[in-house]
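Asker: Numbered per the working numbering, the sequence shown spans residues 4 to 103.
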Amino acid sequence: MNSEKPPFDTGDLVVYPTHGVGKIVAIETQEISGHTLSVFVVHFDKDRMTLRVPLAKAKVSGLRRLSSHKEMDAALAKLRGRSRAKRTMWSRRAQEYQAK
């Protein structure tokens, strides 16, 4: 088992892709198929759902902190700016987007 401090604490608000904002209600250790696994227990009030995310897979699964005011201001400023339309064919743009 890893002795590093988990990236989140009990009570932290987090964002999980497809489910939105949830709250970490516990960090548990479970035994699954003979393996000991530490998991974040995330509760989503909106969906009345509880999700368990392994600590080792938290970052890969997309679990993240809420964005700060500074990050949100920067994102909104970018969205308010002028759009730059590319003059390439849609299929080429689609390939470029998928490559990102």
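Ideal Cβ placement from N, Cα and C applies to all residues, glycine included.
Between the stretch 38-56 and the stretch 11-27, are three or more C-beta pairs nearer than 8 Å?
Answerer: yes
Asker: Kindly indicate which three-state DSSP category F11 falls into: helix, strand or coil?
Answerer: In this structure, F11 counts as coil in the three-state DSSP scheme.
Asker: Assuming contact is defined by CB atoms lying nearer than 8 Å, are Y19 and G65 in contact in what I supplied?
Answerer: yes
Asker: Taking only three categories from DSSP, how would you classify M75?
Answerer: helix
Asker: Does D88 come out as helix, strand or coil in the three-state DSSP assignment?
Answerer: First, the amino acid is wrong: residue 88 is Ala here, not Asp. In this structure, A88 counts as coil in the three-state DSSP scheme.
Asker: Mind listing, in chain order, the continuous beta strand (DSSP E) runs of no fewer than 3 residues lying wholly within the stretch 12-77?
Answerer: 16-19, 23-35, 38-47 and 52-57
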